[in-house]
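Quick note, the sequence shown lines up with residues 2 to 1246 if you use the numbering used here. Every residue gets a Cβ at the ideal spot worked out from N, C-alpha and C, and that includes glycine. All figures in this text were calculated on a predicted structure; none of them were measured in a lab.
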Amino acid sequence: MARRWRWSGPTRPKAWRTTCEARASPAPRSAAAVASAVTHRSINACLAPLCSIDHAAVTTIEGLGNTRAPGAAHPIQERFTLAHASQCGFCTPGMVMAFYALLRSHPDGLTEEDVKANIDGNLCRCTGYRPILDAMRTFAKNTECAKQEVTKDENGYVVTHSLGLDGATYHPLNLTSEPIFPPFLMTHPPRSAHYVGDTIDWYKPTTLKAALALKAKHPEAQILAGNTRLVNKKLQPTVVISVGLIPELKAVAFTDAGLDVGAAVTLTTLKDSLVAAVATQDESKTSGFAALAEQIKWIGGTQVRNSATVGGSLVAGHIWGGQEASDLIPVLVVLGATVTIVAGSGDRRSVPVSAFVKGGGKVDLQPDELILSIHIPHSQPGDHVESYKQSGRQTSSASLVTGGCRLQLEERDGDWVIKSATICLGGVSPKPGQSAAKTEAPSSVCWPRTIPVEGEGAEYKRAVISGIFFKFYSRVVAHVSSEEDVFAPYQSRVTRGQQRFAEPESFKVVAHPTKHTTSHIQSSGEALFADDVQARRMLYATMVLATKAHARVVSIDASPALALPGVRAFYSAKNVPVNVGELFKDGVLFAADEVQYYGQPLGIVVADTQERASRAARLVKVEYEDLPAIITIEDGIKAGSFFETSPMFHDHVERGNVEEAFKQADTVVEGEFNLGGALHWYMEPHSCLVEPKDDGGLLIHCTAQSVALVQEEVAFALNMHQKDVDVRVKRVGGGFGGKGTRFFMYSAAALAAKLLNRPVKHTLDRGTDSQAAGTRAPYNFKYKVGATSAGKIIAADFQVYANGGAAIDLSYSILAETINHLDNCYNVPHFRAVGKVIRSNIAPTKPYRGAGIPQGIVAGEFSLDHVARKLGLAPHIVRELNFYQQGEVTVAGQHLDECSLGAVWHACRQQSDFDRRFKEAHAFNQHSTYAKRGVAAMPIKQGVGIGGAMAVWAKACALVHILSDGTVIVNHGGVEMGQGLNIKIAQLAAETLGVPLETVHVPPTSNEVLQHGGATGGSFTFELNGSAACEELNARLAPLKEAMAGKAWKEVVQAALFSRVCLSSYGWHAVDFEDRKFLYYTWGTAFAEVEVDVLTGSHRILRVELVQDVGTSINPAVDVGQVEGAFVQGVGWLTSEELKWDAQGRVDHNYEIPTPESIPIEFHVNLLKGPNARGLLSSKGIGEPPKSMSATVALAIKDAIVAARAQAGLSSDDLVLDLPLTVERVRLACGDLGLEHTLETTVRK
């Protein structure tokens, strides 16, 4: 009898989980197979409903180790902490568990290469991955990580290769002490089960016969094994048949004819089986196996491959964005693979994969049929098989084009003659029957023009297909003729770093590389985030979002939603006391009469579970009347749709006589390019829990970067006194400016909590956060630059447009900083820039790490590069010629009184060995045809602490208490979101008071403790929050310290209390800008060397050298992490992160942030000590400037493109590129490579 259970939905969606699965014996048709082996696999918790992990032992981060007792942390967690591998901490449990599964599955040890490959499915937005990889590398057999000594260079700087690990001691790993697999699961076969949910009946048969019977009874049922593609948003009950425990479907068997793989075999198991066959069987039989294994390596990430199945990949995995873009199917087609299908009657039939996939989302499978297995034939003598996948980034990326190629040769009269050729492509056409071409005994092998390429990106796909065919044929020729193979498959390389920073000198606590205050509990999974906070009688909320970019709202009918069991309420604009929203009150909380952007909130549904709230929100019926929509900057310019200029912010700068200077210039260049926006893509989405208080007020636990702004916005919308709104932020899982404004999600939850008098949890899903919360603004730049023949720039004129979306937010402030930084590090005597903000029908755009400054620096650098190319000069020479000097005035009107530009530039050139690498890259390009290298070096000048109208934000406060036992509590108004603010504040307090660091505690931020705390951002929060209060306490204690010289700190404190000395101090800091635009400038320089595959547009970052002027580093470990993380984030923005909206205003969620494979192979960071009279302890802001330095990677890619174009006979004098430099833009910019030619049928030995 099947067990019948109530289904409670997915496991905890925040963390990643490790599942140890008892793999059934491959005995065919065995109904009671006993587990013969245990495998350890990491899987995605969000894809693993509880019912899917029946008969598995599950280990979560909570079961691995903890910090409650000395030595209780697991060695992995310990090394993450030592390596400073956790910043915001939200991704850390997933990283730890992924690596734990890898260790458990490699009892004989693993390599550094295994380490990097294993986290291809784990994402981090903070660290830049290098410290994470270092922490994991310490467990590898072949590692040198953490085995090198900390040294000093000739300038006395500390040099490490793995900061925190070099010279450290840590506990060894002992796998024999790890939890054993439960004996019960080893000795008892799985049992069938039936789970019943609100909308899903989930059946889990354990025999093929039972599965077929269920399929006959429920022909509409979804067959499921891995669950990697099931996104069930249907409103009617659905039947799911999970086949993951059926022995026949889990079997893997080698036969004389090839390999038979059950439909429920995971891609990981298939890959492991193929690799084993390649290692043990005759090479003539396994060339196809090798190609298939290589293709599987790049499908999804490790967790996806651990769950995704072969059968699922055939049935559901071939559709992506309307294209036939399967990674697996093209290779199976060229191998001649067949699908065995079994019907409810027991009859079986075999169908070639090429016929099974019909296209258009259809497959040859009848309602009562299941896929039983897939047969993959052995290769034949003379076979040459290759697989190809081209995507926006190397790992965990949706395919743009996939391919399988097979060429069969036979020997005739001393030559190799082509017997047959087969090529199958994915992603080239939405229509069936147009993705494969095959020729038997061809008279010649030509590029198969019979395959039409349609849809978006057709030109790029045609170029890539040419490259695929060319690479394949070239590899075949190289193999049979024993020539050099220049097109070997992509091989990952392990990243290695170096960090340099100044010694602490006289400081005892400050300037030491100290770990984050909560890194240990982040690594152990004990750190709580907003979504982890619970309350009694808690309800869940989901917003109802507009599905139009611009429309009148005719009606809203919530009755279908309210009819669902468990739904408590629906609230819309009519329920809001003051329906006003946005930072400058130019929007609404809920749209009532008119929708201004796709995803705009119309109301909020509250229910007793998250699943019911989400389902009910989709049931709310909204009737619209369409209005014209403005989506892009081009749309806005045509319509003349601009925000009015704010008197608070300037939208132009001008100095000198630009028009006259252009007349004097020897060369004038003009250009126009688009610079894409970006999703903040913080790991933790917006989340809050709002609790009604017994006095009628509200307590809000949330993820905001400013408790003060949340308090103001909620109180205003709900017509409450601010004193009645208490906002608390414990920690934030990444913010980057994206959680600094636009708090409609908190106001909506607060409304529901107040009206229902119940706690309400409201956490945005990733799609809603991306669509509605706001992004970095897209930009358009038009420029004209004049220079002398020697390269001296004498005039520049910029027209700047930014897409501000449906409300102004901080767009004019952001635009002003873009304009103020267009000069970057270059003194242009005649300069003009004018900017406008487009009013459009996308979610209001907002600040993002740098708040407009990186955009200005990028535009300035690419216009300078244009000048250099036009003049035929090396760009770095033109840069040096135009550098600002001490005492000169920037276009923002600020005198340079502490200009360290020359110091950072020369340090970077020296550390990177720029001149040698520049020459070597040129030499490489002379002999390399299809790979080109590019190098670039560029400086940055970034203003920190913005004066003028924005000076209103330059304020902060702190409240310090010394307790009777000598411990210290420091409350401040900033928010810890991974940037290390709390540890820096603690270090400062300990240094100032002269107490051990471990005695200082920094509590969560709360406006019930401190008001007017300002906002966290701008690389400025530490300086604002870190002064005044401790100095006041020192002054009060000074007489006692003098009188009790030699006494312990605790005794002095107790004496002070006995004498009734106040040991609490409130500090307030408001910056005096002294008519300066910025409090100070910080300087940096970056060098980058890249290699570009000109056949595909892909690139690899070979080396990066970063030199950042930090003044005095308060915490070198934190600052190195900020530099690396910001830089890698910027690399994503300028290469792979293409933010797109369709004509309806919908964000394209296929958005690709950097992965571990995206970071430099050599990654060096240098923290340069320098003066800063206006910084706290001479420190400088560090969180944002390195993002601007990432432009050096884009410039290096352009340098490689120029080399490719020169080879193709194309000029690059006026080459202007839109950004980001995606694979498509790079490949097309390289020009026609002349690959489309007829190849000889005969290949001579």
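With the cut-off set at 9 angstroms, would you say residue i and residue j are in Cβ contact?
i            : j            : result
residue 849  : residue 942  : no
residue 1159 : residue 1132 : yes
residue 687  : residue 774  : yes
residue 58   : residue 191  : no
residue 799  : residue 813  : no
residue 608  : residue 567  : yes
residue 1038 : residue 1062 : yes
residue 603  : residue 679  : no
residue 618  : residue 544  : yes
residue 1193 : residue 1124 : no
residue 901  : residue 1169 : yes
residue 730  : residue 976  : yes
residue 1146 : residue 600  : yes
residue 1079 : residue 948  : yes
residue 246  : residue 254  : no
residue 1072 : residue 935  : no
Starting from residue i, follow the beta strand (DSSP E) in both directions and report where the run begins and ends.
i           : result
residue 41  : 38–45
residue 764 : 761–764
residue 909 : First-last for residue 909: 902–913, but that is the alpha helix (DSSP H), not the beta strand (DSSP E).
residue 371 : 370–378
residue 540 : 540–546
residue 940 : 932–947
For residue i, count neighbouring C-beta atoms within 10 Å of its own C-beta (all shown protein chains included) and say buried if the count is 16 or more, exposed if not.
i            : result
residue 266  : buried
residue 181  : exposed
residue 69   : exposed
residue 645  : exposed
residue 459  : exposed
residue 81   : buried
residue 1134 : buried
residue 704  : buried
residue 782  : buried
residue 954  : buried
residue 338  : buried
residue 749  : buried
residue 818  : buried
residue 906  : buried
residue 622  : exposed
residue 72   : exposed
residue 442  : Residue placement at residue 442 is flagged as unreliable, the pLDDT there being 41, under the threshold of 50; a coordinate-derived value is accordingly withheld.
residue 156  : exposed
residue 572  : buried
residue 598  : buried
Could you give the first and the last residue of the continuous alpha helix (DSSP H) run that contains residue i?
i           : result
residue 813 : 812–821
residue 218 : 209–218
residue 754 : 745–757
residue 474 : 459–482
residue 771 : 767–773
Could you tell me whether the Cβ of residue i comes closer than 9 angstroms to any Cβ of chain B?
i           : result
residue 428 : Among the chains of the structure shown, chain B does not appear; only one protein chain is present.
Per the DSSP calculation, residue i is bridged to which residue(s)?
i           : result
residue 701 : 691, 728
residue 419 : 410
residue 588 : 582
For this session: Note down, one range per segment and in chain order, each alpha helix (DSSP H) of at least 4 residues found wholly within the segment 91–129.
Result: 93–106, 113–119
Exercise. Where in the segment 1147–1206 do unbroken runs of the alpha helix (DSSP H), each at least 4 residues long, occur, reported from the N-terminal end onward?
Worked result: 1186–1190
For this session: Can you check the segment 251–324 for any beta strand (DSSP E) of at least 3 residues that lies completely inside it and give the ranges in chain order?
Result: 253–255, 259–263
Exercise. Residue ranges of each alpha helix (DSSP H) run of no fewer than 4 residues wholly in the segment 1099–1154, ordered along the chain?
Worked result: 1117–1136
Exercise. What are the complete beta strand (DSSP E) segments, minimum 3 residues, inside the segment 343–368?
Worked result: 349–353, 358–360
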